[in-house]
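Below is one structure, written out as structure tokens; comments come after it.
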Amino acid sequence: MNDADAADALTELGLSAYAARTFVGLQKIGVASAGEVAQVTEVPRSQVYGATDELEELGLIDVQDGSPTRYRAVPVDEARDLLYDRLRSTTDEAFDHLETVRGQHAPSDDREAIWTTEGRENVAARITSLVADAERQVLFATSVPALLNGDVADALVGAANDGVGVTVASADAAVREAAVEAGLSAVDVEDAAPELSVGRVLLVDGDTVLLSVQPTEEMPTVADESAFWSEGTGFARVLAAVIRQAFVSE
Numbered sequence: 013m014n015d016a017d018a019a020d021a022l023t024e025l026g027l028s029a030y031a032a033r034t035f036v037g038l039q040k041i042g043v044a045s046a047g048e049v050a051q052v053t054e055v056p057r058s059q060v061y062g063a064t065d066e067l068e069e070l071g072l073i074d075v076q077d078g079s080p081t082r083y084r085a086v087p088v089d090e091a092r093d094l095l096y097d098r099l100r101s102t103t104d105e106a107f108d109h110l111e112t113v114r115g116q117h118a119p120s121d122d123r124e125a126i127w128t129t130e131g132r133e134n135v136a137a138r139i140t141s142l143v144a145d146a147e148r149q150v151l152f153a154t155s156v157p158a159l160l161n162g163d164v165a166d167a168l169v170g171a172a173n174d175g176v177g178v179t180v181a182s183a184d185a186a187v188r189e190a191a192v193e194a195g196l197s198a199v200d201v202e203d204a205a206p207e208l209s210v211g212r213v214l215l216v217d218g219d220t221v222l223l224s225v226q227p228t229e230e231m232p233t234v235a236d237e238s239a240f241w242s243e244g245t246g247f248a249r250v251l252a253a254v255i256r257q258a259f260v261s262e
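Each residue of the sequence shown is one higher than the last, beginning at 13 in the working numbering.
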């Protein structure tokens, strides 16, 4: 990482571009006037004053009045704590507001919604979220060992510990073994769904389903995993019945 990269990273934490460059410059110089900051950074001298005002307000620099005024950056550890605390506070406030406004203008009619999610990490996050809402039963199916790990496995185990009936169905022995080692019920579905190796199947409480696929030679432009899912809809209930028939022995 170079100075420009560091400045860009600081802007992600909430600093303006000029303030970020000024702060990086002051860390390098130590104590400096506006003119000296401008000489070692890409900040015009006229913009250094606004940048230092911003940094002073955030507690990231000390200011020594004089002619010229001189500036000194606070230690790196102190700056890190200040910016982390500011980011955490801002994030908490934003999400508190989102909790307040969520659903305020939602339509009152019950719509048949089918959603899509792209990317393996995003699919895994959606699965863990749906599993976390389970009240009675969860069926998770895959024949790809890599798709039963990390947060997904933790979510399934957590649901089972909460008293939810969790079953892992797979045509792959390694997947079933991993499920059993985690304390989950596992069933062999080799004859029922040989195509299962292309992704994941999730069934939650009979009215929530998720199906995913991975890219194949026939679909080279598809993301590393794509999924569609539906929750609490007529479509989900019908598909759930089909999935249960295919993967769950009566």
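By construction, the Cβ of each residue, glycine as well, lies at the ideal position given by its N, Cα and C atoms. The model shown is predicted, which means the values in this text are computed figures rather than measured ones.
Can you grab the Cα-Cα spacing for the pair residue 244 / residue 220, in whole Å?
-> Distance between the alpha carbons of residue 244 and residue 220 is about 6 Å.
Opposing strand residues paired with residue 240 [DSSP bridges] | 128, 223
Buried or exposed: residue 211, going by 16 or more other Cβ atoms within 10 Å of its Cβ?
-> buried
Under the three-state reduction of DSSP, which class applies to residue 200: helix, strand or coil?
-> strand
Please report how far the alpha carbon of residue 248 lies from the alpha carbon of residue 241, in whole angstroms.
-> 8 Å
Exposed or buried, which one is residue 34 when buried takes at least 16 other CB atoms within 10 Å?
-> The C-beta of residue 34 has 16 or more other C-beta atoms within 10 Å across all chains shown, which makes the residue buried.
Skipping 5 residues on each side, what residues in its chain have a beta carbon closer than 8 Å to that of residue 126?
-> The beta carbon of residue 126 lies closer than 8 Å to those of 240, 241, 242, 245, 247 in the same chain, with the five residues before and after it left out.
Could you tell me whether the Cβ atoms of residue 187 and residue 160 are closer together than 8 Å?
-> yes
Residue 146 (DSSP reduced to helix, strand or coil) | coil
Quick one: give me the first and last residue of the alpha helix (DSSP H) that residue 218 is part of.
-> Premise fails: residue 218 is in no alpha helix (DSSP H) and is neither H nor E.
Segment limits, alpha helix (DSSP H) that includes residue 44 = Here residue 44 belongs to no alpha helix (DSSP H); instead the beta strand (DSSP E) covers 43 to 45.
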